[in-house]
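Protein chains in written order, with the numbering used here: chain P, 1 to 314; chain D, 315 to 500.
Using N, Cα and C, we set each Cβ at its ideal position, and we do this for glycine too.
This report refers to the structure that appears directly beneath it.
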Amino acid sequence: MRAWDQALQAVRSYFRDHDLYEALTPVRLPEVAIEPYIEPLRAGGHLLATSPELPMKQLLCAGAPDIFQIAPVHRASEHGRLHSEGFHLIEWYRRDADERAVRADVERLVDAVFVAFDRAPVSAWSCHGFLPLLEATTTVRLTGTEDAATLAAIVPSAWRVDVPEGMPSHAHDLYAWSALLTAWSDAALDPWLAEQAGGVHIVDYPAPLAALAQIGPGRARTGSYAHRFESYVGGIELANGYHELRDAPEQRRRFEAVAALREGHGLEPLPMPERFLQALPKLPACAGAALGFERLLMVATGAQCLSDIALHVD
Amino acid sequence: MDVSDLKKNAKLEIDGAPWVVTDFQFVKPGKGQGLYKCKIKNMLTGSVVDRTWRSGEKLKAANVESKKMQYLFNSGDAYTFMDNATYEQIEMPVDVVGDDKDFLLDNTECEVLFYNDRAVGLSLPSHIVMEVVECEPGVKGDTATNVTKAATVQTGRQIQVPLFIKQGESIKIDTRSGEYVERVNK
């Protein structure tokens, strides 16, 4: 109880000190972002939020200032040391900012919670491009522009990036790159992350993994990458952030690709987030990130699994 | 069944054999496919292997069921068991019973495993008490040593027992190892 209270207070103080307003958005929604391999729970004809992303962006579209939320979210069939069907996301948005600003928030927020637990802040953060890190940990060299068939010809066959039969063609690249991410994580990235003493950001994602992020030149001001990052401490994935995409037709194409991926896997269709897509042209330039509250608490307290810090009684 | 229905003790049919998930771990990189890392045990042979499935893969649930049954008698080609609840009788082939036959006494309660309604496995109580029908005479005062002698029990099985055990006495046997546990005073 005390640990939760301390961490909640540290998170709220951090955002209030940086002039973000606390928001609360509904848990039960008519639509959620259609994302690969994230399955919403259904409740009374609605969906339980898998993240507060769409309603928070809709608040920004309606003129809200910088906002944060500690939101209860649900994802079906996720059970494990680092997964639970119900958890809390610390999610925040800064207007007139890009992903570097919210990445800096991740570092300071982690430190704020560590300090609340009398722990030394994370000593150093390093930042790695997705593709250079892939090459450094596996020798697999890619440009990020490979289509599914090219990818399958290049990467080890054990990575199983080959598109399964029945997968609609506009989901092929998304499937292959998602499979590559999974195989790389399992084979090399997770062991590498576990050895890093400081915090790690992975940036410059290949375009098929852009999700809801803008695409543009990478860190080196060259190429074309998703302005998305993931942050890790102690080998544990804590946060994910974007320089937010504001192009509604492009966002619709990406949702359609994920919907096709779901169809290829035989999953029930999800409603196209029409309300969100309609509001999207009014989204101000902004960046946002989501950080798993329970995982942050785990890392800060040295707990080994989510069940060690769970506040509910099963 | 979908791979997301996997959990510990889930029963799967793989290449025509029933397997049970004995260990289960879920990992998932952000927005990547989930990995379901399992240890699975073949319910017929007992062999254990590692298998990893990914999100979106489909599996076949194995039609297996375990019933408490009582051993009745052996007809030569098969062993007959009775369901204690329905009094239904089933026959289990000699090769399925295997070496477990040495620990089957009339009326022993066992778990019988059915796969597609066929009896495919037997699980005995972990210990069973049997009478020594033949052994060399007992030696008094030799209880402290590890010296043993062969004794034949009711089913014909030979068990290594301590020297003080006498013919006609009952002993407790571990059915998994076939080893003597202790003397039982009736």
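query                                                                                                                                                                           : result
Is Gln384 (chain P) near Ala112 (chain P), with beta carbons less than 7 Å apart?                                                                                               : Residue coverage of chain P in this structure runs from 1 to 314, which leaves residue 384 (chain P) outside it and unanswerable.
Within 7 Å of any Cβ in chain P, is that where the Cβ of Gly412 (chain D) sits?                                                                                                 : no
Give a yes or no on whether the C-beta atoms belonging to Glu91 (chain P) and Pro52 (chain P) are separated by under 7 Å.                                                       : yes
Report yes or no: is there a C-beta of chain D within less than 7 Å of the C-beta of Thr182 (chain P)?                                                                          : yes
With burial defined as no fewer than 16 other Cβ atoms inside 10 Å of the residue's Cβ, what is the status of Asp186 (chain P): buried or exposed?                              : buried
Between Gln472 (chain D) and chain P, is there a C-beta pair that is closer than 7 Å?                                                                                           : no
Using DSSP bridges, identify the partner residues of Arg95 (chain P).                                                                                                           : P:Cys286
Closest Cβ-Cβ distance between Tyr37 (chain P) and chain D: below 7 Å?                                                                                                          : yes
Closer than 7 Å by beta-carbon distance: list the chain B residues that pair up with Gly80 (chain P), in chain order.                                                           : Reference to chain B is not applicable here, since the protein chains of this structure are P and D.
In this structure, how does DSSP classify Phe286 (chain D) when only helix, strand and coil are distinguished?                                                                  : Only positions 315 to 500 of chain D appear in the structure, and residue 286 (chain D) is not among them; the question remains open.
Between Ser361 (chain D) and chain P, is any beta-carbon pair separated by less than 7 Å?                                                                                       : no
Per the contact definition of three or more C-beta pairs closer than 8 Å, is the region 364-378 of chain D in contact with the region 317-337 of chain D?                       : yes
Run through DSSP, which three-state label would Lys321 (chain D) get?                                                                                                           : coil
Closest by CA to Ser114 (chain P), which one among P:Tyr37, P:Trp4, P:Leu277?                                                                                                   : Here residue 114 (chain P) turns out to be Phe, not Ser, going by the sequence shown. Of the candidates P:Tyr37, P:Trp4, P:Leu277, the one whose C-alpha sits nearest the C-alpha of Phe114 (chain P) is P:Trp4.
Identify the residues that DSSP records as bridge partners of Glu234 (chain P): which are they?                                                                                 : This sequence places Gly at residue 234 (chain P); Glu is not what is there. Its beta-bridge partners do not exist; DSSP assigns none.
Between which two residues does the beta strand (DSSP E) containing Cys352 (chain D) stretch?                                                                                   : 349-356
How big is the Cα-Cα spacing for Asp420 (chain D) and Leu358 (chain D)?                                                                                                         : 24 Å
If you run the structure through DSSP and keep just helix, strand and coil, what is Tyr414 (chain D)?                                                                           : Just to set this straight, residue 414 (chain D) is Asp in the shown sequence, not Tyr. Correct three-state label for Asp414 (chain D): helix.
Taking 7 Å as the threshold (C-beta atoms), are Ile34 (chain P) and Ala259 (chain P) in contact?                                                                                : yes
Any idea if Glu496 (chain D) is buried or exposed, counting beta-carbon neighbours within 10 angstroms, 16 or more meaning buried?                                              : exposed
Strictly under 7 Å for the Cβ-Cβ distance: is His201 (chain P) near chain D by that measure?                                                                                    : no
Taking only beta-carbon positions, decide if Leu349 (chain D) is within less than 7 Å of chain P.                                                                               : yes
Assuming Ala550 (chain D) contacts Met406 (chain D) (C-beta within less than 8 Å), just tell me the rounded distance between them.                                              : Residue 550 (chain D) is absent from the model: chain D starts at 315 and stops at 500.
Which chain P residues are close to Arg365 (chain D), counting only those with a beta carbon under 7 Å from its beta carbon?                                                    : Here the premise fails: no neighbours, minimum Cβ distance about 13 Å.
Can you tell me whether Glu423 (chain D) is buried or exposed, with buried defined as 16 or more other CB within 10 angstroms of its CB?                                        : exposed
May I ask which residues mark the beginning and end of the alpha helix (DSSP H) holding Trp125 (chain P)?                                                                       : Run containing Trp125 (chain P): none in the alpha helix (DSSP H); it sits in the beta strand (DSSP E), 125-129.
Would you please verify whether the beta carbon of Glu91 (chain P) is less than 7 Å from any beta carbon of chain D?                                                            : no
What residue range does the alpha helix (DSSP H) around Ser307 (chain P) cover?                                                                                                 : 306-309
Give the interface partners of Lys345 (chain D) over in chain P, defined as CB-CB distance under 8 Å, in chain order.                                                           : Glu35, Pro36, Tyr37, Ile38, Ser178, Leu181, Leu209, Ala211, Asn240
Pick helix, strand or coil for Tyr37 (chain P), following the three-state DSSP scheme.                                                                                          : coil
For chain D, is any of its Cβ atoms less than 7 Å away from the one on His128 (chain P)?                                                                                        : no
Quick check: Arg75 (chain P) and His46 (chain P), are their CB atoms within less than 7 Å of each other?                                                                        : no
Cα separation between Thr222 (chain P) and Gly216 (chain P)?                                                                                                                    : 9 Å
Where Gly344 (chain D) and Leu280 (chain P) are concerned, what is the direct C-alpha to C-alpha distance, given to the nearest angstrom?                                       : 24 Å
Return the chain-ordered list of same chain residues with a C-beta closer than 8 Å to the C-beta of Val362 (chain D), the five sequence neighbours on each side being excluded. : Thr336, Lys353, Ile354, Lys355, Asn356
Does Val102 (chain P) come out as helix, strand or coil in the three-state DSSP assignment?                                                                                     : helix
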